[in-house]
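Numbering (the numbering used here), first residue to last: 1 to 465.
See below:
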């Protein structure tokens, strides 16, 4: 049976709940041969791949398929990653990497906090959100994440039981707050409690509707697992290189460097001809692992200390292909992945390979699937106002607004983890299903996470990247 759903009608069935999940037990496996079933995507914000593994080691989600790494976009941020995950619903790109962002068309910063949060131009949230979340409610989610998590978990259960949709997405946000503030163990406890709640939800749904619940659990990105220190002197580094930090670009030496939350990535906007200078400057900072900028037609340059490389892309009849050409050292640590690609015949004579091949063969690398992720980040694939330079800060360090540091102090000290960077810890979420028909059998990226739902028993086939 094929559901007669268009992407627009599917979007109408999406429900977003600003919440976090809680730990659990195991879920009843869905009989994939049954046509009487509903697919629910439960999107957990910021749950690392390693934590779902710990939950399963303790017996949670018994009977589910093998958990798969889900590699986020770069930056590994919620708004960017969910724009990729939900692209089958035609959500389009977000305006910027976060709420405060530089608008190239207006040549100024927009979306400043706290009041700018009410004017967010997040296309994925416009599609799925029932009610916009104000700045105060968002802040409370970081001050009392556990209390809100329990309340919103119950709300999620009510939403699923009350829905008459065949396909539903529920977004649970407070797992990210838990991991930031309380670390992996707190998130693990939520997962261990989420498990029996999902089992009970499946049984109640079956009794109420005589339908099976096919469950897809995924997270949009990972989180680092250590106390976050402040990466100091990043703006000073740019000033030393002759840049004037301003809120708009007028002179040739002007640069705009917006700050976000406590994240381990950064964005710089400069005149096009100064992109290399800005990248070289910020890459020299001791806490910056790498910086990237568009250096030519279908070419991006990556700098990491003394090492450098060129990334390329091309369109082919079977989809886009990406290349990695070191020009000094191995800045993305992809030499092993390249050898595997070549050995399996996935790398063509010009050094290009498909994104899914890069993903599979670089999943254990420090920067998984880096060529596609870096290129996407700088060329407007998921972010309209892409930066001139993006840089990744080493795990354990973060850069952000002073207000974000203040909130962390209020909660008793530095954050337990962060994300945003290209590194594996920040980037690695998870993908887990209770129906073998939905199991991809390999790691997935944000851009193809929902493509595994395009079966005859779920949503209609949609074009994927």
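Virtual Cβ for every residue (Gly too), placed ideally from N, Cα, C.
Values in this document were obtained by computation on a predicted structure and should not be read as measured data.
Assuming residue i contacts residue j under a Cβ cut-off of 8 Å, what Cβ separation, rounded to an integer in Å, is found between them?
{"i": "residue 212", "j": "residue 36", "result": "6 Å"}
{"i": "residue 370", "j": "residue 378", "result": "Contact doesn't hold; Cβ gap of about 12 Å is too wide."}
{"i": "residue 69", "j": "residue 430", "result": "7 Å"}
{"i": "residue 221", "j": "residue 76", "result": "4 Å"}
{"i": "residue 420", "j": "residue 288", "result": "Contact flag wrong, Cβ pair sits at about 13 Å."}
Locate the alpha helix (DSSP H) running through residue i, then write down its first and last residues.
{"i": "residue 416", "result": "Here residue 416 belongs to no alpha helix (DSSP H), and DSSP marks it neither H nor E."}
{"i": "residue 72", "result": "Counting along the chain, residue 72 falls outside any alpha helix (DSSP H), and DSSP gives it neither H nor E."}
{"i": "residue 174", "result": "174–182"}
{"i": "residue 474", "result": "With the chain covering 1 to 465 only, the question about residue 474 has no answer from this structure."}
{"i": "residue 425", "result": "424–427"}
{"i": "residue 446", "result": "Where residue 446 is concerned, there is no enclosing alpha helix (DSSP H), given that its DSSP letter is neither H nor E."}
{"i": "residue 267", "result": "It is not in any alpha helix (DSSP H) - residue 267 instead sits in the beta strand (DSSP E) that spans 265–270."}
{"i": "residue 57", "result": "49–57"}
{"i": "residue 103", "result": "Unbroken run through residue 103 is the beta strand (DSSP E), 101–103; no alpha helix (DSSP H)."}
{"i": "residue 377", "result": "370–378"}
Apart from the five residues on each side of it in sequence, which residues of its chain come closer than 7 Å, Cβ to Cβ, to residue i?
{"i": "residue 25", "result": "The predicted model places residue 25 with a pLDDT of 38, which falls under 50 and marks its position as unreliable; any figure quoted below should be read in that light. For residue 25, where only same-chain residues beyond five positions count, the Cβ hits under 7 Å are 60, 195, 196 and 199."}
{"i": "residue 396", "result": "224, 226, 228 and 229"}
{"i": "residue 332", "result": "302, 309, 324, 367 and 370"}
{"i": "residue 104", "result": "385"}
Within its chain, find whatever has a CB closer than 6 Å to the CB of residue i; leave out the 5 residues flanking it on each side and keep chain order.
{"i": "residue 53", "result": "none"}
{"i": "residue 84", "result": "73, 382, 446 and 447"}
{"i": "residue 79", "result": "94 and 122"}
{"i": "residue 442", "result": "360"}
{"i": "residue 81", "result": "72, 73, 220, 221 and 446"}
{"i": "residue 307", "result": "328, 329 and 331"}
{"i": "residue 266", "result": "391 and 399"}
{"i": "residue 471", "result": "Because the chain is modelled from 1 through 465, residue 471 falls outside the range shown and cannot be assessed."}
Distance check for residue j and residue i, CA to CA, integer angstroms please.
{"i": "residue 254", "j": "residue 374", "result": "24 Å"}
{"i": "residue 294", "j": "residue 177", "result": "33 Å"}
{"i": "residue 321", "j": "residue 313", "result": "5 Å"}
{"i": "residue 28", "j": "residue 99", "result": "Per-residue confidence for residue 28 stands at a pLDDT of 47, beneath the threshold of 50, marking its modelled position as unreliable; the derived number appears in the next sentence. Computed Cα separation, rounded: 39 Å."}
{"i": "residue 248", "j": "residue 56", "result": "49 Å"}
{"i": "residue 444", "j": "residue 284", "result": "33 Å"}
{"i": "residue 352", "j": "residue 279", "result": "25 Å"}
{"i": "residue 451", "j": "residue 88", "result": "8 Å"}
{"i": "residue 400", "j": "residue 164", "result": "42 Å"}
{"i": "residue 344", "j": "residue 360", "result": "12 Å"}
{"i": "residue 316", "j": "residue 299", "result": "16 Å"}
{"i": "residue 168", "j": "residue 45", "result": "17 Å"}
{"i": "residue 132", "j": "residue 107", "result": "Confidence at residue 132 is low in this model, with a pLDDT of 44, below 50, so its placement is unreliable and no value can be given for it."}
{"i": "residue 276", "j": "residue 240", "result": "15 Å"}
{"i": "residue 417", "j": "residue 179", "result": "7 Å"}
{"i": "residue 415", "j": "residue 318", "result": "43 Å"}
{"i": "residue 166", "j": "residue 188", "result": "30 Å"}
{"i": "residue 437", "j": "residue 40", "result": "14 Å"}
{"i": "residue 376", "j": "residue 65", "result": "30 Å"}
{"i": "residue 342", "j": "residue 350", "result": "11 Å"}
{"i": "residue 268", "j": "residue 257", "result": "5 Å"}
{"i": "residue 334", "j": "residue 346", "result": "15 Å"}
{"i": "residue 207", "j": "residue 385", "result": "48 Å"}
{"i": "residue 162", "j": "residue 151", "result": "17 Å"}
{"i": "residue 3", "j": "residue 42", "result": "Its pLDDT being 34, under 50, residue 3 is placed unreliably by the model, and nothing is read from it."}
{"i": "residue 465", "j": "residue 348", "result": "For residue 465, the predicted structure reports a pLDDT of 29, less than 50, and the residue's modelled location is therefore unreliable. A value from the coordinates is still provided. If I take the Cα positions, the gap works out to 19 Å."}
{"i": "residue 119", "j": "residue 51", "result": "Because residue 119 sits at a pLDDT of 48, beneath the cut-off of 50, its placement in the model cannot be relied upon, and the following sentence gives the value as read from the coordinates. If you take the alpha carbons of residue 119 and residue 51, they lie about 34 Å apart."}
{"i": "residue 5", "j": "residue 210", "result": "Unreliable placement is indicated for residue 5, whose pLDDT of 36 sits below 50; the coordinate value is still reported in the next sentence. So the two alpha carbons sit approximately 21 Å from each other."}
{"i": "residue 214", "j": "residue 170", "result": "13 Å"}
{"i": "residue 245", "j": "residue 261", "result": "19 Å"}
Hey, could you find the ends of the beta strand (DSSP E) residue i is sitting in?
{"i": "residue 37", "result": "37–44"}
{"i": "residue 277", "result": "Taken as a continuous stretch (DSSP letters only), residue 277 belongs to no beta strand (DSSP E), being part of the alpha helix (DSSP H) at 275–283."}
{"i": "residue 393", "result": "389–393"}
{"i": "residue 313", "result": "307–316"}
{"i": "residue 145", "result": "Residue 145 -> not in any beta strand (DSSP E); alpha helix (DSSP H) instead, spanning 145–162."}
{"i": "residue 361", "result": "Note, residue 361: premise wrong, no beta strand (DSSP E); alpha helix (DSSP H) at 355–362."}
{"i": "residue 254", "result": "254–256"}
{"i": "residue 228", "result": "Neither: residue 228 is in no beta strand (DSSP E) and is coded neither H nor E."}
{"i": "residue 288", "result": "288–296"}
{"i": "residue 323", "result": "319–328"}
{"i": "residue 339", "result": "Unbroken run through residue 339 is the alpha helix (DSSP H), 335–343; no beta strand (DSSP E)."}
{"i": "residue 108", "result": "108–110"}
{"i": "residue 214", "result": "212–219"}
Which residue wins for smallest C-alpha separation from residue i, given the options the options?
{"i": "residue 251", "options": "271, 371, 166 and 151", "result": "271"}
{"i": "residue 433", "options": "45, 46, 47 and 62", "result": "62"}
{"i": "residue 393", "options": "231, 274, 273 and 298", "result": "231"}
{"i": "residue 242", "options": "219, 266, 214 and 274", "result": "274"}
{"i": "residue 190", "options": "246, 48, 356 and 304", "result": "48"}
{"i": "residue 327", "options": "337, 354, 305 and 268", "result": "305"}
{"i": "residue 184", "options": "425, 435 and 437", "result": "425"}
{"i": "residue 336", "options": "355, 364 and 311", "result": "364"}
{"i": "residue 423", "options": "145, 362 and 389", "result": "362"}
{"i": "residue 159", "options": "175, 92, 173 and 205", "result": "205"}
How about residue i: is its C-beta nearer than 9 Å to some C-beta of chain B?
{"i": "residue 239", "result": "This model lacks chain B altogether; it includes just one protein chain."}
Only counting the same chain, and skipping five residues up and downstream in sequence, which positions put a Cβ closer than 8 Å to that of residue i?
{"i": "residue 235", "result": "245 and 257"}
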